[in-house]
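As structure tokens, this is what we get:
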């Protein structure tokens, strides 16, 4: 099964209505053979975003977190994140990119410019439905 990696800029659009939310949901529905995944860090970030946005979004975040495949933060991912380029890539973004690479994701869904650039540099296909 193909893996589609969602960073938090993407998963957050599935719990709160934003300009790209509908296009992202359509994109994911159009790929029923792809499993949507994120790192354990992405799960924590998603739940924190939900908690900040309010009770309804928190419940949506809990539901989405239960449906996403979760990639554990392994030693190999930690090493890959430590070596991720560029050097000014934020730590959590480096973990997202390394998680997608090590897991063998076919694509990364991201609306974050720096993370997207790093993912492309790592050889990943980046999509941002609705942009």
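In the working numbering, the protein residues as written are 35 to 165.
Think of the CB as a built atom: it goes at the ideal place given N, C-alpha and C, for glycine as much as any other residue.
Span separating the alpha-carbon of residue i from that of residue j
i: residue 64; j: residue 115; result: 30 Å
i: residue 149; j: residue 127; result: 6 Å
i: residue 146; j: residue 161; result: 11 Å
i: residue 125; j: residue 39; result: 17 Å
i: residue 120; j: residue 98; result: 30 Å
i: residue 159; j: residue 122; result: 21 Å
i: residue 47; j: residue 105; result: 20 Å
i: residue 41; j: residue 66; result: 19 Å
i: residue 44; j: residue 90; result: 18 Å
i: residue 165; j: residue 109; result: 34 Å
i: residue 55; j: residue 135; result: 25 Å
i: residue 60; j: residue 76; result: 21 Å
Opening and closing residue of the beta strand (DSSP E) in which residue i lies
i: residue 38; result: 36-40
i: residue 69; result: 68-73
i: residue 159; result: 159-161
i: residue 103; result: 103-105
C-beta contact flag for residue i and residue j at 7 Å
i: residue 37; j: residue 140; result: yes
i: residue 102; j: residue 70; result: yes
i: residue 53; j: residue 163; result: no
Own chain partners of residue i with C-beta closer than 6 Å, once the 5 adjacent residues on each side are dropped
i: residue 95; result: 49, 80, 81 and 84
i: residue 68; result: 36 and 38
i: residue 87; result: 50
i: residue 131; result: 118, 152, 153 and 156
Coil, strand or helix - residue i by DSSP
i: residue 138; result: coil
i: residue 51; result: coil
Any chain C beta carbon closer than 7 Å to residue i
i: residue 64; result: Here there is only one protein chain, and chain C is not present.
Residue i, enclosing alpha helix (DSSP H) - first and last residue
i: residue 65; result: It is not in any alpha helix (DSSP H) - residue 65 carries neither H nor E in the DSSP assignment.
i: residue 150; result: 147-155
i: residue 144; result: Looking at the DSSP string, residue 144 is not in any alpha helix (DSSP H), and its letter there is neither H nor E.
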